[in-house]
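One line per chain: the protein sequences are F and Y, in this order. Under the working numbering, read the first sequence as residues 1 to 273, first letter to last. Under the working numbering, read the second sequence as residues 1001 to 1487, first letter to last. Glycine residues also receive a C-beta, built at the ideal position from the N, C-alpha and C atoms. As the structure is a computational prediction, the values presented were derived from the model and not from experiment. First comes the structure, then the notes that go with it.
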Amino acid sequence: MNMKRLSSSPPTGRQDPPRRPSPAARRGPVAVPLGEPRLDAALPEGGLELGVVHEIVPAGPGDMAATLGFGLGLLARIAAARPGPVLWATTRDPGRHGTAYPPGLAAAGFDPGRLIHLAVGTAQDVLWALEEGLATPGFAAVLGILARDGRRYDFTASRRLSLRAAAGGGTAIVLRAVGGATDAAGTTAAATRWAVAARPSVPVRHPGHAMPGLGPPRWHVELLRCKRGRPHDWLVEWDHETLRFHLAAPLADRAPVPQTAVRPQAATGWRAA
Amino acid sequence: MTAVAAAAERAGVTPGMALADARALCPALAVAPADPDGDAAALGRLALWCGRYSPWTAVDTPTADAPDGIVLDITGCAHLFGGEAAMLGDIAGRLADFGLTARLAAAPTPGAAWAVARHGVGTRAIVPDDALAETLAPLPLAALRLGTSVVEAMSRVGLKRVGDLLGKPAAPLAARFGPRLVTRLDQALGRQAETVHGLAPPPRHEARRVFAEPIVLRADVERTVAELADGLAARLADAGVGARRLDLRLYRVDGRVRETTVRTSALCREAAHMVRLFRERLDAEVEELDAGFGFDLAVLGALAVEPAIACQDGLGIADADRAGGHPDEVARLLDRFGNRFGFDRVVRYVPRESTVPERAVRAVPVLDAARPQDWPAHLRALQGGRQIGRPLLLVLPPDPVTTLAEVPDGPPMLFEWRRRTHRVARADGPERLAPEWWRPWAGTGSRTTRDYFRVEDTEGHRFWLYREGLYDRPGDSPRWFLHGVYG
């Protein structure tokens, strides 16, 4: 082994960038359906593509948790289809967003037992860990949360991740906290970029209570960029029991959802309508 | 005066003398304040350096005094340096290069070596096996590592030399001067075994490389590590074992030793994996690899060795299709993460039987084997019957919020968190949580019960709020906190 050559490159560039992938290098399914036909129809592979990088950004400053919720939904779909643990890489200081809480992940339908949490010092270390995770067969997916120093994640970084993902068949989900809608215009090599905003959920009336209860979480999800696909936006709900996304209401051409108790079963009825 | 240099000793200055007397005897005396801790640390470093001669080295503390020597177990080591005389010569030469004056002795027992090194004639001595008693006989009794009181007591009855005790019955001696005297005598003469507690247990398997010309460059160090790893891996494979801890020691020419340890979760027997762990470890070190004037010896030792079960490597076929992923490769990557960022930074989560949110989950190092956990059951146990779930993100410590419109026993209508006002549109709860009776709440230290609510504001953001305290108690004003954020 040529130690000298390997060691002389900068920290993130310790190893050679992987070869351009050949289609034969891919194994297993190409994409994981999201469980909602109209969402899947907008995606080129008929679902969330594997072996690529997906980016999720919050649409507004308070939407980090909603972004994580949507990302966790994607992760739960991938984890259900692929074996192996999930690498969850974050910076040590979560900033003002709080730290991931495993019982909460379980409540959202993701099995925390599959999680390997790595807390490192800088965004650069997170990116390094994601690269190594993608280069290692055996992970179902890797998720990186760049809560503070998201500017480290630029075109070069995303390109490196994409090449690794394509070579190894792994899937990366990158959550960026900084920026929001304005910064989301930056060009990266990711296959998709989603912007997520929280929306009021369907109220659940409890007899004897003045204030209604919370329905399933509802997000406005905008597909900002998608290779071979078209930008689109939806209002989706996440069902943590069936691990499926549901379309809450077609935004463009339908009236808003009436303020009645709509449970997930009812939501599937909407889809058939 | 605590210690005096050779030149001062020639001028008549002796340890124990007052500084004024010493100055009077020798006006040119250079004085430095005594630094026992510094001396001990320097001796510790020197003992580590002595690891190049024997894996079993220790700072010598036979009496209650400050340590003043180093003991090496050179059993089976001397021939590697061309015999005991050549070995002592090598040690003396290198120590002289460091500017140290040393008295050296090699003897069949640690006690005899101690005695001859401190009380013998000359600065270098080798005691042959058959001349042990004759060598010790003329030495003063203090050479037996005895306390000053015992030595004084014996000198009062005319016992001054070790030879005075040889051949005397042991029982009366022990009765009069304590059993320690007999023990020390027997240890020095080899009639009783003595254990030396080394700095660290020596590695069972090691690979070493001596350089005629010291190496300085980082690339050379890495090449050496690769070479040593190859050798060590072959040795481990021969013995049918694997290591969980690997220790790399680089001996600098000026006597400092750089020690780097890496740990692995699975038994490590592959050279490539060892090399990668060490390379990343060296990368992660904050300070530059300080080679000084170069390293002249590198030793790679395997610690925590366990028998390994040989496993078929799959012959390169069906590798990709193996069910259950690639546990080895994941474990190897986790080793690298752990050695680079610290093993407390790579964790798995397991449920813990506690309703306190912070204690309901436990982070365990990934080194521990993973066991399947029933999270849904844990969540059901946590929530009881109420379905307000748990937040995705936990805010620690809970953030105090200002509530603007409160309803008794219900969630606030308005609250302000981080200078943003949220109007509550939906709410679930309350879920009442009490601290465990044997400990107050983490962070705040209070013992009051909390009523948790899951609320959603008009924009759809969801929060986990709790109220501490109750409204109905007079003089008790409840406070509101935000403990988490839902997705």
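Does any residue of chain Y bring its CB to less than 9 Å from the CB of residue i?
| i | result |
| --- | --- |
| F/H97 | yes |
| F/F245 | no |
| F/P37 | no |
| F/P85 | yes |
| F/W234 | no |
| F/W194 | no |
| F/A198 | yes |
| F/T176 | Before going on, a small fix: residue 176 of chain F reads as Arg here, not Thr. It does not: the Cβ of F/R176 has no partner Cβ on chain Y nearer than 9 Å. |
| F/R164 | no |
| F/R92 | yes |
From what residue to what residue does the alpha helix (DSSP H) around residue i run?
| i | result |
| --- | --- |
| Y/E1009 | 1006-1010 |
| F/R205 | From DSSP, F/R205 is part of no alpha helix (DSSP H); its letter is neither H nor E. |
| Y/I1091 | 1084-1097 |
| Y/E1152 | 1148-1156 |
| F/I78 | 64-81 |
| F/P102 | 102-107 |
| Y/L1414 | Element bounds for Y/L1414: not the alpha helix (DSSP H) but the beta strand (DSSP E), 1414-1417. |
Among the options, which residue has its Cα nearest to the Cα of residue i?
| i | options | result |
| --- | --- | --- |
| Y/T1448 | Y/T1458, Y/L1433, Y/R1462 | Y/L1433 |
| Y/V1059 | Y/V1071, Y/P1478, Y/V1013, Y/L1095 | Y/V1071 |
| Y/V1246 | Y/L1267, Y/D1254, Y/A1024 | The identity of residue 1246 of chain Y in the sequence shown is Leu, whereas the question assumes Val. Minimum Cα distance to Y/L1246 is reached at Y/L1267. |
| Y/R1161 | Y/T1135, Y/A1171, Y/D1021 | Y/T1135 |
| F/L146 | F/A177, F/A108, F/A190, F/E131 | F/A177 |
| Y/D1428 | F/V221, F/G170, F/F245, F/P216 | F/P216 |
| Y/P1391 | F/A66, F/G60, F/H54, F/A42 | F/A66 |
| F/G208 | Y/R1467, Y/G1410, Y/P1478 | Y/G1410 |
| Y/R1345 | F/G51, F/A119, F/L87, F/L68 | F/A119 |
| F/P103 | Y/D1374, Y/P1398, Y/D1290 | Y/D1374 |
| Y/A1291 | Y/V1221, Y/R1362, Y/D1164, Y/R1156 | Y/V1221 |
| Y/P1490 | Y/V1401, Y/P1357, Y/M1001 | In the structure as shown, chain Y starts at 1001 and stops at 1487, and residue 1490 of chain Y therefore has no counterpart that could be examined. |
| Y/A1377 | F/G138, F/A123, F/P112, F/S201 | F/P112 |
| F/R228 | F/P37, F/S201, F/G35, F/G47 | F/G47 |
| F/P37 | F/H240, F/W234, F/V142 | F/W234 |
Give the range of the beta strand (DSSP E) segment to which residue i is assigned.
| i | result |
| --- | --- |
| F/D239 | 232-239 |
| F/W219 | 218-226 |
| Y/A1133 | Element bounds for Y/A1133: not the beta strand (DSSP E) but the alpha helix (DSSP H), 1132-1136. |
| Y/R1454 | 1450-1457 |
| Y/T1402 | 1393-1405 |
| F/H246 | 244-247 |
By DSSP, does residue i sit in helix, in strand, or in coil?
| i | result |
| --- | --- |
| Y/V1221 | helix |
| Y/R1052 | helix |
| Y/V1071 | strand |
| F/A24 | Its pLDDT being 40, under 50, F/A24 is placed unreliably in this model, and the coordinates cannot settle the point. |
| Y/P1478 | coil |
| F/F139 | coil |
| F/T192 | strand |
| Y/F1341 | helix |
| Y/V1424 | strand |
| Y/P1140 | strand |
| Y/H1079 | helix |
| Y/A1106 | strand |
| Y/R1161 | strand |
| F/G169 | coil |
| Y/H1461 | coil |
| F/G84 | coil |
| Y/S1446 | coil |
Consider the Cβ of residue i: report whether some Cβ of chain F lies at a distance smaller than 9 Å.
| i | result |
| --- | --- |
| Y/W1441 | no |
| Y/A1086 | no |
| Y/L1396 | yes |
| Y/V1366 | yes |
| Y/F1337 | yes |
| Y/R1419 | no |
| Y/E1456 | yes |
| Y/D1428 | yes |
| Y/E1329 | yes |
| Y/L1246 | no |
| Y/Y1486 | yes |
(request) Return the residues of the region 200-219 of chain F that lie within a Cβ-Cβ distance of less than 7 Å from chain Y, sorted by chain order. (result) P200, S201, P203, M211, P212, G213, L214, P217, R218
(request) Below 8 Å between beta carbons is the criterion; list the residues of the region 68-80 of chain F that meet it against any residue of chain Y, in chain order. (result) L68, G69, F70, L72
(message) Please identify, using Cβ separations under 9 Å, the residues of the region 125-149 of chain F that lie next to chain Y, in order along the chain.
(response) D125, W128, A129, E132, G133, A135, T136, P137, G138, F139, A140
(message) Under 8 Å, CB to CB, which of the residues in the region 97-122 of chain F have a partner in chain Y?
(response) H97, G98, T99, A100, Y101, P102, P103, G104, L105, A106, A107, A108, D111, P112, G113, L115, I116, H117, L118, A119, V120, G121
(message) Any C-beta of chain Y within less than 9 Å: which residues of the region 49-65 of chain F qualify?
(response) G60, P61, G62, D63, M64, A65
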